[in-house]
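Asker: After the structure tokens below, expect a handful of questions from me.
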Ligand SMILES: Nc1ncnc2c1ncn2[C@@H]1O[C@H](COP(=O)(O)OP(=O)(O)OP(=O)(O)O)[C@@H](O)[C@H]1O
Ligand SMILES: [Mg+2]
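Protein chains in written order, with the working numbering: chain H, 190 to 489; chain P, 429 to 793.
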């Protein structure tokens, strides 16, 4: 709709007003800002506003006091724990995978398969992903049953699939591919001559990784890990589909507060929690941007 | 010569490549290459793209393994010694400075790996950066330096570890012409000052002739000719060298008893021991002179000037002889006597020439 018509509009204006062409160039970005405004800024404003209002409509910080409650603190902690673990594990495994792919043939079959596979899997989530896990690793899932028949009971000490551990495992399913996608460009920026220069200067593999490749890749690695953290931290659909009784992580707490069946829904409180999440994601993404910018001119 | 300043006047070492062969899947990159560099000598390897120059250099550096043959540095067989124990300085074609380190840190890195103390490291880094004229830029990072400056730092980094041999793989090819000529002379100056045995790879003949003690012309994995620049230029051993180094006119002629008859002029042959018959004579532009005085009857060596390329003190005149085009090189003052359009008569100086026979098997490109 708007997206399609606006570029046509700006290009149509060109022949008419050749001399003043630049003045109309902003028209092209209107759809983008409209989109950002409606789907990002507006909701954020609603959240910020709503979090500062009490149910009776007066302005106060009362909603934020709820964050202090022990069970809410636990939700924060487990949200952060799941995100952090899945980010760190995903980052390491994804980085290794990306390294294997990048050091192979530049346009070999391995690289093309893994990269396009990662592109698909990084977007994989929600009900489909959860269902896939339940169908395979659930208590009647065929992998679980198969392993059980061969004497391996992965749930010998209790079913952890619907727990933090299970959620972390499911998150890894999209975290690892995402890491491959975002970290491969940094690895591509590493020049083979750096390795050879290190060799000719008398260094070995250890020196190369310790002094050259390591320091060059570390900021990017850290940045990508933060990105993965934010990705997991704000994920909602997957957990919502897996965990029916809610509560374990923050997005589910918010859902619970908004749709409570007991009639005790607390929209202001939910918005305060959402704002806290936004702040955390903002901080993490800012750090990510700073780290990426730092290495941008190294790994060109 | 005396090593100025701080470098302790190390005499270079001898480097020998013996029958080096390296094959890739279908191509033979090096075919029994044998080459000896005298101590302190700068040899330039010159040849067309893909002739194996880089491969030769990488085998010497230990970055690549030979299928057969030996590498001997200072009398020691290092064929099986890994790159990081060969003590060889390298400057790469592409910029290879470590981007997260300043120029000084780059230069100190090799010494750090050799456990040289910080004070000595600093002193030596200052010394080599000074040697390449970059002392003032010691604290800059690669992205703050020009291409030429980056290559100077790379040279300083290579020399800082006091290597036995210095290898440069087309270090100037990414630079523009003016910087290239200046840095080329700079590299030669530094090399002479340090007295290090050096192998310099290039596909630019002017660069090779200008910088080297001896030039090795390579073709498909082997040395075609090795000799001082003047010899390579004035007495090419093979038609390939004659054509690759400098400009050459290819003029059809007829061989008769050790000389070749080129359009009515008898020219002696470099190698007179050949059969009679048709052949192509390779004549340098400097061996062609032209005159335009008086009336000129048509003849095999009479033609029209179609272009003059001004090269500074010298000029290159293109003459159309009707069935072929001939280049003549002369002083600019002489060339200005015959502007484009002038009818001229060519004279071929009877310097011995190389000939090339039509090879029925080889297809002309
Ligand atoms: N890693 C490799 N795998 C396969 N073939 C290779 C490899 N490296 C070099 N070759 C081949 O070996 C031959 C010699 O290559 P080399 O790089 O030594 O040439 P060069 O003289 O340095 O050329 P250039 O002037 O283009 O740098 C070429 O035909 C090249 O295609
Ligand atoms: Mg090369």
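Even for Gly, the Cβ is constructed at its ideal location relative to N, Cα and C. All values derive from a computational prediction rather than experimental measurement.
Between residue 648 of chain P and residue 505 of chain P, is the Cβ-Cβ spacing less than 9 Å?
Answerer: For the purposes of this step, residue 648 of chain P is identified with residue 220 of the second chain, where counting begins at 1. For the purposes of this step, residue 505 of chain P is identified with residue 77 of the second chain, where counting begins at 1. At a Cβ-Cβ threshold of 9 Å, residue 648 of chain P and residue 505 of chain P do not count as neighbours.
Asker: Please report the distance separating the alpha-carbon of residue 456 of chain H from that of residue 463 of chain H.
Answerer: Here residue 456 of chain H is taken as the residue at index 267 of the first chain, counted from 1. Here residue 463 of chain H is taken as the residue at index 274 of the first chain, counted from 1. The alpha-carbon separation between residue 456 of chain H and residue 463 of chain H amounts to approximately 10 Å.
Asker: Can you tell me whether DSSP reads residue 571 of chain P as helix, strand or coil?
Answerer: In the second chain, the residue the question calls residue 571 of chain P occupies position 143. If DSSP states are grouped into helix, strand and coil, residue 571 of chain P belongs with the helices.
Asker: Is there a Cβ of chain H sitting closer than 9 Å to that of residue 789 of chain P, yes or no?
Answerer: Translated into positions along the second chain, residue 789 of chain P becomes position 361. The pLDDT assigned to residue 789 of chain P is 46, lower than 50, so where the model puts this residue is not dependable, and the model offers no usable value.
Asker: How long is the line joining the alpha carbons of residue 757 of chain P and residue 662 of chain P, rounded to whole angstroms?
Answerer: The count along the second chain starts at 1 and reaches residue 757 of chain P at position 329. The count along the second chain starts at 1 and reaches residue 662 of chain P at position 234. Distance between the alpha carbons of residue 757 of chain P and residue 662 of chain P is about 15 Å.
Asker: Pull up the distance between the alpha-carbon of residue 286 of chain H and that of residue 738 of chain P, whole angstroms please.
Answerer: Taking the first residue of the first chain as 1, we reach residue 286 of chain H at position 97. Taking the first residue of the second chain as 1, we reach residue 738 of chain P at position 310. Spanning the two alpha carbons is a distance of roughly 59 Å.
Asker: If you draw a straight line from the alpha carbon of residue 511 of chain P to that of residue 389 of chain H, how long is it in whole angstroms?
Answerer: In the second chain, counting from the first residue as 1, residue 511 of chain P sits at position 83. In the first chain, counting from the first residue as 1, residue 389 of chain H sits at position 200. The straight-line gap from Cα to Cα measures roughly 6 Å.
Asker: Residue 420 of chain H: which of H:374, H:363, H:290 and H:220 sits nearest, CA to CA?
Answerer: Stepping through the first chain from its first residue, residue 420 of chain H is reached at position 231. Of the listed residues, the one whose Cα sits closest to residue 420 of chain H is H:363.
Asker: Evaluate contact between the region 281-299 of chain H and the region 328-344 of chain H, counting only Cβ atoms and requiring at least three cross-stretch pairs below 8 Å.
Answerer: no
Asker: Considering only the alpha carbon of each residue, which of P:679, P:449, P:784 and P:643 lies closest to residue 715 of chain P?
Answerer: Translated into positions along the second chain, residue 715 of chain P becomes position 287. The option with the nearest alpha carbon to residue 715 of chain P is P:679.
Asker: I need the straight-line Cα distance from residue 523 of chain P to residue 532 of chain P, nearest angstrom please.
Answerer: Position 95 of the second chain, counting from 1, holds the residue named residue 523 of chain P. Position 104 of the second chain, counting from 1, holds the residue named residue 532 of chain P. Roughly 16 Å separates the two Cα atoms.
Asker: Which residues of chain H have a Cβ atom closer than 7 Å to the Cβ of residue 528 of chain P, listed in chain order?
Answerer: For the purposes of this step, residue 528 of chain P is taken as the residue at position 100 of the second chain. Simply 404, 405 and 487.
Asker: Rounded to a whole number of angstroms, what is the C-alpha to C-alpha distance between residue 445 of chain H and residue 343 of chain H?
Answerer: Counted from its first residue, the first chain places residue 445 of chain H at position 256. Counted from its first residue, the first chain places residue 343 of chain H at position 154. Cα to Cα, residue 445 of chain H sits roughly 31 Å from residue 343 of chain H.
Asker: Please list, in chain order, all residues of the same chain as residue 262 of chain H whose beta carbon is under 8 Å from its beta carbon, the five residues on each side excluded.
Answerer: Position 73 of the first chain holds residue 262 of chain H. So the list reads 256, once near-sequence residues are dropped.
Asker: Per DSSP, what kind of secondary structure is residue 792 of chain P in: helix, strand or coil?
Answerer: If you number the second chain from 1, residue 792 of chain P lands on position 364. For residue 792 of chain P, the pLDDT reaches just 42, beneath the cut-off of 50, and the residue's location in the model is therefore unreliable, leaving the point undetermined.
Asker: Would you mind giving the Cβ-Cβ distance between residue 314 of chain H and residue 427 of chain H, rounded to the nearest angstrom? I have them listed as a contact below 8 Å.
Answerer: By 1-based counting over the first chain, the position of residue 314 of chain H is 125. By 1-based counting over the first chain, the position of residue 427 of chain H is 238. Sure, about 5 Å apart at Cβ, within 8 Å.
Asker: Suppose only complete runs of 3+ residues qualify. What are the beta strand (DSSP E) ranges in the region 653-689 of chain P, listed by chain order?
Answerer: Given a length threshold of 3 residues, each whole run of the beta strand (DSSP E) inside the region 653-689 of chain P is given here in chain order: 677-684.
Asker: Around the Cβ of residue 408 of chain H, are there at least 16 other Cβ atoms within 10 angstroms (buried) or fewer (exposed)?
Answerer: Start at 1 with the first residue of the first chain, and residue 408 of chain H comes out as number 219. Result: buried.
Asker: Is there at least one non-hydrogen atom of ligand 4 closer than 8 Å to the beta-carbon of residue 477 of chain P?
Answerer: Of the ligands one can find in the structure shown, namely ligand 1 and ligand 2, none is ligand 4.
Asker: Just the C-alpha distance for residue 710 of chain P and residue 781 of chain P, rounded to the nearest angstrom, thanks.
Answerer: Within the second chain, residue 710 of chain P is the residue found at index 282, counting from 1. Within the second chain, residue 781 of chain P is the residue found at index 353, counting from 1. Spanning the two alpha carbons is a distance of roughly 6 Å.
Asker: According to DSSP, what are the bridge partners of residue 275 of chain H?
Answerer: For this step, residue 275 of chain H is matched to residue 86 along the first chain. Residue 275 of chain H pairs with nothing; no bridge assigned.
Asker: Identify the residues that DSSP records as bridge partners of residue 597 of chain P: which are they?
Answerer: In the second chain, the residue the question calls residue 597 of chain P occupies position 169. Residue 597 of chain P pairs with P:629.
Asker: Consider the Cβ of residue 401 of chain H: report whether some Cβ of chain P lies at a distance smaller than 9 Å.
Answerer: Taking the first chain and counting its residues from 1, the one referred to as residue 401 of chain H is at position 212. Yes, residue 401 of chain H lies at the interface with chain P (some Cβ there is under 9 Å from its Cβ).
Asker: Mind checking residue 272 of chain H: buried by the 16 CB within 10 Å criterion, or exposed?
Answerer: If you number the first chain from 1, residue 272 of chain H lands on position 83. Buried is the call here.
Asker: Among the candidates P:771, P:729 and P:470, whose CA atom is the shortest distance from the CA of residue 655 of chain P?
Answerer: Sequence index remark: in the second chain, residue 655 of chain P carries index 227 (1-based). Comparing Cα positions, the closest option is P:470.
Asker: Residue 515 of chain P CB to nearest chain H CB: under 9 Å?
Answerer: Reading the second chain from its first residue, position 87 is the one you call residue 515 of chain P. Interface residue, yes.
Asker: Once the 5 residues before and after residue 640 of chain P are set aside, which same chain residues still bring their CB inside 7 Å of it?
Answerer: Walking along the second chain from the start, residue 640 of chain P turns up at place 212. Taken in chain order, the residues that qualify are 470, 471, 472, 628 and 657.
Asker: Could you check how far apart the C-beta atoms of residue 733 of chain P and residue 745 of chain P are, in whole angstroms? I think they sit under 8 Å.
Answerer: Within the second chain, numbered from 1, the residue matching residue 733 of chain P stands at position 305. Within the second chain, numbered from 1, the residue matching residue 745 of chain P stands at position 317. Contact holds; Cβ gap of about 6 Å.
Asker: Identify which residue in P:784, P:461 and P:736 has its Cα closest to the Cα of residue 670 of chain P.
Answerer: Within the second chain, numbered from 1, the residue matching residue 670 of chain P stands at position 242. Considering only alpha carbons, the answer is P:784.
Asker: Would you mind reading off the limits of the alpha helix (DSSP H) that contains residue 539 of chain P?
Answerer: Within the second chain, the letter at position 111 stands for residue 539 of chain P. It spans 531-541 - the alpha helix (DSSP H) in which residue 539 of chain P sits, taken as one unbroken run.
Asker: With a threshold of 16 other CB atoms inside 10 Å of the CB of residue 727 of chain P, please say whether the residue is buried or exposed.
Answerer: If you number the second chain from 1, residue 727 of chain P lands on position 299. That one is exposed.
Asker: Could you say which of P:645, P:548, P:468 and P:615 lies nearest to residue 633 of chain P if we only look at CA atoms?
Answerer: Stepping through the second chain from its first residue, residue 633 of chain P is reached at position 205. Closest by alpha carbon: P:645.
Asker: Kindly indicate if chain P contains any beta-carbon less than 9 Å away from that of residue 383 of chain H.
Answerer: As a position in the first chain, residue 383 of chain H is number 194, starting the count at 1. Interface residue, yes.
Asker: Between residue 480 of chain H and the rest of its own chain, which residues show a CB-CB distance below 6 Å, the 5 nearest in sequence each way excluded?
Answerer: As a working mapping, residue 480 of chain H is identified with position 291 in the first chain. Excluding positions up to five away in sequence, the list reads 408, 411 and 412.
Asker: State yes or no: is the beta carbon of residue 677 of chain P nearer than 9 Å to at least one beta carbon in chain H?
Answerer: The sequence position of residue 677 of chain P within the second chain is 249, counting from 1. No, its Cβ sits nowhere closer than 9 Å to a Cβ of chain H.
Asker: Taking residue 371 of chain H as part of the alpha helix (DSSP H), name the residues at either end of that continuous run.
Answerer: On the first chain, position 182 is the one that residue 371 of chain H refers to. From DSSP, the alpha helix (DSSP H) with residue 371 of chain H extends over 353-377.
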